[in-house]
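K.L.:
Take a look at the following structure, please.
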Amino acid sequence: MRKGWFKGLVAGLAVAVMACPAFAADTIKLGVAGAHSGDLASYGLPTVNAAKLVAKMINAKGGVLGKQVEVIPQDDQCKPELATNAATKLVSDGANVVLGHICSGATKAALPIYKEANIVLMSPSATNPALTQSGDYPNFFRTIASDDQQAKLGVDFTIDKLGKKKIAVLHDKGDYGKGYAEYAKQFIEQGGKGTVVLFEGVTPGAVDYSAVVQKIRNSGAEAVMFGGYHPEASKIVQQLRKKRMDLPFVSDDGVKDDTFIKVAGKDAEGVYASSSKDVSALPLYKEAIEAHVKEFGAEPGAFYKEAYAASLALLNAIEKAGSTDSAKIMNALRTEFVETSVGKIKFDKRGDAEGVGFSMYQVKNGKYAELK
Amino acid sequence: MDWQYFWELFFGGLTRGSIYALIALGYTMVYGIIELINFAHGEVYMMGAFTALIVAGALGIYGFPALAILIIAAVVAVIYCAAYGLTLEKIAYKPLRDAPRLSPLISAIGMSIFLQNYVILAQTSDFMPFPNLVPQPEFLEPIAHIMGASEVLIIVTSAVSMAALTLFIKYTRMGKAMRATAQNRKMAMLLGIDADKVISLTFVIGSSLAAVGGVLIASHVGQVNFAIGFIAGIKAFTAAVLGGIGSIPGAMLGGLVLGWCESFATGYISSDYEDALAFALLVLILIFRPSGILGKAKTQKV
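Going down the list, the sequences are from chains A and B.
Numbers in the working numbering are just positions in the first sequence, counted from 1, shifted up by 14.
Numbers in the working numbering are just positions in the second sequence, counted from 1, shifted up by 93.
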């Protein structure tokens, strides 16, 4: 008889599960796609937490358009081949909007499916510039700045603020550093106001960089831009100063690290490095962190604040649009400002968040200070 | 031709080459005597830099003058690394002396990994700032853009160490014993040379030179980390092979040739290809002189 009892339970469950979609028709479905397991789960899970917390908060206030918000997570492990499955699943589950995906590669693979289904997608973390700049995906938005924005900021800063025209661009041959350097080179050349007098990769971990430093001198550069991380940056800066060259050194957020100042010591003074805008003073940012600590008992992980902001932006857009019609949501995203954990934002026509991005920092008295 | 630029690169290469040569001597001496490639040698160099950092930190608190700190730190580093070299040989290589040649090689790689991890655990895996211990005298200021005081010190110290080593090998009893052991260990032992002592001494000398290199380069670039020994070790090993492994003047020449090659490749071509060109040179030289620039072609004993 035990077996019969069990069968009954299964049957009951099956009925309950089948009944779900009918019941859920009255909710706003927020799909959350990203790496929820596997090696990169630590990039994706904070986004799920953010979506759940935002949904809980909004539901407590009466929901969106009078309906409760339902979070539907879908795992893609940051793998493009799984991302398409996750996207298809979310579309068939009737997601109204989707928060995700996390990795640029997975996002790129999944985008055509959402475009086909006409669903708005917003990523908290996919930084590949082409995702928005190609113009292929009007339904794609993001709350994080794209990879090339740092280089753009660095170039504009060097040319316009510092007034330097001849720029030596160096990198550490790694993906991140070389990407930064290549964008910088492209922006300098496109801008037409400055010239790249030297474009070189240095070998990370080399015994010294005196030959590269001499090459910078010989090139007549007025400023150095460097893409890479702090160990190479501190070595190059120290050797520049040792060779009595005090030209400005502008770099990326791989260098905006306190270890850089510790290692380079007094030679670090005056070095510029860009990094994400400091949002720690924003009330919504504090609220988001507190909510996470209260609910999960720990500090949130990577891309949490961007994901929190994206959830707020998406749900706000549905509320403002007055419906779950994608065209209306997209219009609301582009026209209505919304207060989020990364600042007050709206989106430009390509889908990048305006008001999100990088600031330039300079080492002053042994500390990085944001330049306004 | 821009001679100013040429000399800047020349002296940059000379500095780098001197360091390679100092480390390469350790590889080549050990190889010359027991035909072992001591892969843990780069780590001894790193330990030298770390020891000096700790000593310099401690002395800095008491307000010693920079130059005094440098000398004391270097002496302590040399003693400490010599002890490491000796222990390394006793623990990892001596028990394997009669084993097939691959066994001590694996043992050497094992020691290299062990020492790196030891430093990570006992010290830190972070980059540490190394204080600049070489004061910049006034009279060097006009050439500061070519060579700073620390570079002059590197070149001078390397030259003196190498000259002293050459004299030691040529004119002392122990030096003679080393040469004899290198030529034929069994015969040397038959003639009453204590081969174990000679081998230990070889490790002590090689490690001391690596320690000197470690202190000098750490002071020059201003940072140390547990991994610095790896690249320096690989480059120095390349220098030793380039010059002819087993040959002491070969290691010096190999170090300088490699240093210059990298410096000029960076200066006149591109630093993207710094390593590629350096190793292309190695391949070229080995095609035409398989035993290195100054290496003697050995007849294979059958």
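The C-beta atom is built at its ideal place from N, Cα and C for all residues, glycine as well.
Since this is a predicted model, take the numbers as computed values, not measurements.
What is the DSSP secondary structure of residue 263/B, reduced to helix, strand or coil?
P.N.:
On the second sequence, position 170 is the one that residue 263/B refers to. Of the three classes helix, strand and coil, the one that applies to residue 263/B here is helix, per DSSP.
K.L.:
My output table needs one value for residue 269/B: the three-state DSSP class, helix, strand or coil.
P.N.:
Taking the second sequence and counting its residues from 1, the one referred to as residue 269/B is at position 176. Residue 269/B: helix per DSSP, three-state reduction.
K.L.:
With a threshold of 8 angstroms, are at least 3 pairs of Cβ atoms found where one atom belongs to the stretch 237–255 of chain A and the other to the stretch 170–190 of chain A?
P.N.:
yes
K.L.:
Applying the criterion that 16 or more other CB atoms from any shown protein chain within 10 Å of the CB defines a buried residue, is residue 158/A buried or exposed?
P.N.:
Working through the first sequence from its first residue, we reach residue 158/A at position 144. Result: buried.
K.L.:
Quick one: using the 10 Å Cβ neighbour count with 16 as the cut-off for buried, is residue 160/B buried or exposed?
P.N.:
Along the second sequence, read from residue 1 onward, the residue named residue 160/B stands at position 67. Result: exposed.
K.L.:
Counting contacts by CB-CB distance shorter than 8 angstroms, is residue 200/A in contact with chain B?
P.N.:
Sequence index remark: in the first sequence, residue 200/A carries index 186 (1-based). No - not a single Cβ of chain B is within 8 angstroms of the one on residue 200/A.
K.L.:
Assuming contact is defined by CB atoms lying nearer than 8 angstroms, are residue 241/A and residue 377/A in contact in what I supplied?
P.N.:
As a first step, residue 241/A must be located in the first sequence, where it is residue number 227. As a first step, residue 377/A must be located in the first sequence, where it is residue number 363. No; because the gap between Cβ atoms is not below 8 angstroms, this pair is not in contact.
K.L.:
Among the residues of its own chain, which have a CB less than 6 angstroms from the CB of residue 255/B, if the five just before and after it don't count?
P.N.:
Locating residue 255/B in the second sequence gives position 162, where the first residue counts as 1. Once the five neighbours on either side are set aside, the close Cβ partners of residue 255/B are 345.
K.L.:
Using the DSSP secondary-structure output, state which residues sit across from residue 209/A in a beta bridge.
P.N.:
As a working note, residue 209/A is residue 195 in the first sequence. DSSP output for residue 209/A lists 180/A as bridge partner(s).
K.L.:
Strictly below 7 angstroms CB to CB, what residues from chain C border residue 307/B?
P.N.:
Within the model displayed, chain C is absent; protein chains A and B are what it includes.
K.L.:
So what does DSSP say about residue 113/A, is it helix, strand or coil?
P.N.:
Along the first sequence, read from residue 1 onward, the residue named residue 113/A stands at position 99. Looking at residue 113/A - three-state DSSP - the assignment turns out to be strand.
K.L.:
Is the Cβ of residue 182/A closer than 8 angstroms to any Cβ of chain B?
P.N.:
Here residue 182/A is taken as the residue at index 168 of the first sequence, counted from 1. It does not: the Cβ of residue 182/A has no partner Cβ on chain B nearer than 8 angstroms.
K.L.:
Out of 323/A, 269/A and 211/A, which has the shortest C-alpha to C-alpha gap to residue 300/A?
P.N.:
As a first step, residue 300/A must be located in the first sequence, where it is residue number 286. With distances taken between Cα atoms, residue 300/A lies closest to 323/A.
K.L.:
Which residues in the same chain have their Cβ closer than 7 angstroms to the Cβ of residue 177/B, if we skip the five residues on either side of it in sequence?
P.N.:
Residue mapping note: residue 177/B aligns to position 84 of the second sequence, counting from 1. If we look at residue 177/B and ignore the five residues flanking it on each side, its Cβ neighbours are 137, 140 and 300.
K.L.:
Could you name the residues of the same chain whose beta carbon sits closer than 8 angstroms to that of residue 95/A, not counting the 5 residues immediately before and after it, in chain order?
P.N.:
Counting from one through the first sequence, the residue named residue 95/A turns up at place 81. Within the same chain, residue 95/A has close Cβ partners 123.
K.L.:
Give me the Cβ distance between residue 61/A and residue 135/A, rounded to the nearest whole Å; I'm assuming they're in contact under 8 angstroms.
P.N.:
What you label residue 61/A is simply residue 47 of the first sequence in a count that begins at 1. What you label residue 135/A is simply residue 121 of the first sequence in a count that begins at 1. In this structure residue 61/A does not touch residue 135/A by the C-beta definition: roughly 13 angstroms separates them, more than the 8 angstroms allowed.
K.L.:
Would the beta-carbon of residue 242/B fall within 8 angstroms of that of residue 224/B?
P.N.:
As a first step, residue 242/B is located in the second sequence; it is residue number 149 there, counting from the start. As a first step, residue 224/B is located in the second sequence; it is residue number 131 there, counting from the start. No, these two residues do not count as a Cβ contact at 8 angstroms.
K.L.:
Would a check of beta-carbon distances place residue 160/B closer than 8 angstroms to chain A?
P.N.:
Locating residue 160/B in the second sequence gives position 67, counting from the first residue. False, the Cβ-Cβ gap to chain A never drops below 8 angstroms.
K.L.:
Suppose the cutoff is 7 angstroms on Cβ atoms and the five residues either side in sequence are ignored; what does the same chain contact list for residue 328/B look like?
P.N.:
By one-based count along the second sequence, residue 328/B stands at place 235. Once the five neighbours on either side are set aside, the close Cβ partners of residue 328/B are 113 and 351.
K.L.:
With a Cβ-Cβ cutoff of 8 angstroms, do residue 391/A and residue 319/A count as a contact?
P.N.:
Nothing about residue 391/A can be reported from this structure: the residues present for chain A run from 15 to 386 only.
K.L.:
Could you tell me the alpha carbon to alpha carbon distance between residue 271/B and residue 198/B, rounded to whole angstroms?
P.N.:
Stepping through the second sequence from its first residue, residue 271/B is reached at position 178. Stepping through the second sequence from its first residue, residue 198/B is reached at position 105. So the two alpha carbons sit approximately 22 angstroms from each other.
K.L.:
Excluding five sequence neighbours on each side, which residues of the same chain lie with their C-beta closer than 7 angstroms to the C-beta of residue 317/B?
P.N.:
For the purposes of this step, residue 317/B is identified with residue 224 of the second sequence, where counting begins at 1. Excluding five sequence positions before and after residue 317/B, the CB atoms of its chain that fall closer than 7 angstroms to its own CB belong to 142, 143, 146, 221, 223 and 311, given in chain order.
K.L.:
Closest to residue 333/A by C-alpha separation, out of 317/A, 72/A and 220/A, would be which residue?
P.N.:
Mapped onto the first sequence, residue 333/A falls at position 319. Closest option to residue 333/A, Cα to Cα, is 72/A.
K.L.:
Check the Cβ of residue 238/B against every Cβ in chain A and list those closer than 9 angstroms, keeping chain order.
P.N.:
Residue mapping note: residue 238/B aligns to position 145 of the second sequence, counting from 1. Those within 9 angstroms of residue 238/B in chain A are 228, 231, 257, 258 and 259.
K.L.:
Give the interface partners of residue 359/B over in chain A, defined as CB-CB distance under 7 angstroms, in chain order.
P.N.:
Looking up residue 359/B in the second sequence gives position 266. Ordered by position in chain A, the residues that pass the 7 angstroms Cβ test against residue 359/B are 225, 226 and 229.
K.L.:
For residue 135/A, name the three-state secondary structure that DSSP assigns.
P.N.:
Start at 1 with the first residue of the first sequence, and residue 135/A comes out as number 121. Strand.
K.L.:
So, does the CB of residue 377/A fall closer than 8 angstroms to a CB anywhere in chain B?
P.N.:
Within the first sequence, numbered from 1, the residue matching residue 377/A stands at position 363. Chain B contact via Cβ: absent.
K.L.:
Buried or exposed for residue 197/A, going by 16 or more other Cβ atoms inside 10 Å?
P.N.:
Position 183 of the first sequence holds residue 197/A. Looking at its Cβ environment, which holds 16 or more other Cβ atoms inside 10 Å, residue 197/A is buried.
K.L.:
Look at the Cβ atom of residue 3/A, then the Cβ atom of residue 100/A, and state whether they are nearer than 8 angstroms.
P.N.:
With chain A represented from 15 up to 386, any question about residue 3/A goes unanswered, as that position is not in the structure.
K.L.:
Answer with yes or no whether the minimum CB distance from residue 143/A to chain B is below 8 angstroms.
P.N.:
Start at 1 with the first residue of the first sequence, and residue 143/A comes out as number 129. No - not a single Cβ of chain B is within 8 angstroms of the one on residue 143/A.
K.L.:
Just reading off the alpha helix (DSSP H) that residue 96/A is part of, what are its end residues?
P.N.:
In the first sequence, residue 96/A corresponds to position 82, counting from 1. Start and end: 94–106.
K.L.:
Kindly provide the ranges of any beta strand (DSSP E) runs that are 3 or more residues long and lie completely inside the stretch 198–282 of chain B, ordered along the chain.
P.N.:
Counting whole runs of 3 or more residues, the stretch 198–282 of chain B contains no beta strand (DSSP E) stretch at all.
K.L.:
Of the residues that make up the stretch 184–199 of chain A, which ones have a beta carbon closer than 9 angstroms to any beta carbon in chain B?
P.N.:
184 and 187
K.L.:
Using CA atoms only, rank isn't needed, just tell me which of 185/B, 305/B and 277/B is closest to residue 115/B.
P.N.:
Locating residue 115/B in the second sequence gives position 22, counting from the first residue. Taking only the C-alpha atoms, the option nearest residue 115/B is 305/B.
K.L.:
Can you list, in chain order, the residues of its chain whose CB lies under 8 angstroms from that of residue 202/A, leaving out five sequence neighbours each side?
P.N.:
Along the first sequence, one-based indexing puts residue 202/A at 188. So the list reads 169, 173, 181, 183, 208, 209 and 210, once near-sequence residues are dropped.
K.L.:
Taking only the alpha-carbon atoms, compute the straight-line gap between residue 105/A and residue 129/A and give it to the nearest angstrom.
P.N.:
Taking the first sequence and counting its residues from 1, one reaches residue 105/A at position 91. Taking the first sequence and counting its residues from 1, one reaches residue 129/A at position 115. Their Cα atoms are separated by approximately 11 angstroms.
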